[in-house]
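Asker: Read in order, the letters of the sequence shown are residues 531 to 604 in our numbering.
A virtual CB, placed ideally from N, CA and C, is assigned to each residue, including glycine.
Dropping the structure in here first, questions after.
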Amino acid sequence: MVIMTTTIEGIYENGKITLNELPKNIEKAQVKVVFEEVEKKGETGKRKMGIFKGTITMSDDFDEPLDELKEYME
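Below you can see the structure in the form of structure tokens.
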């Protein structure tokens with residue numbers, strides 16, 4: 531026994547299934563229906579500015595030349 535499957539998408543609404551396309555070369559066939567629930571993501575608000583203020587610090591001499599590179603700076 532060879533089972534051939536064809537997948538066609540559609541929409542289920544009010545007890546009816548509307549196929550996006552008709553199956554080709556199929557007059558009568560056994561059918562399995564799988565319902566996929568798609569969750570809509572809630573809208574994420576805009577990012578708030580300054581949320582990380584005060585969490586990152588730099589040393590006072592951050593912009594000063596490094597001692598390891600003095601010979602290249604001459």
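#1: For residue 595, which residues in the same chain have their Cβ closer than 8 Å to its Cβ, ignoring the five residues on either side in sequence?
#2: Quick one: what does DSSP say residue 554 is sitting in, helix, strand or coil?
#3: Let's see if you can read the secondary structure: which residues bound the alpha helix (DSSP H) around residue 601?
#4: Does the distance from the CB of residue 556 to the CB of residue 550 come in under 9 Å?
Answerer: Taking the definition as stated:
#1: A distance below 8 Å between beta-carbons, with the five flanking residues on each side excluded, links residue 595 to the following residues of its chain, in chain order: 603.
#2: Reduced to three states, the DSSP call for residue 554 is coil.
#3: Annotation: the continuous alpha helix (DSSP H) that includes residue 601 extends over 600-603.
#4: Their beta carbons are not under 9 Å apart, which means residue 556 does not touch residue 550 by this criterion.
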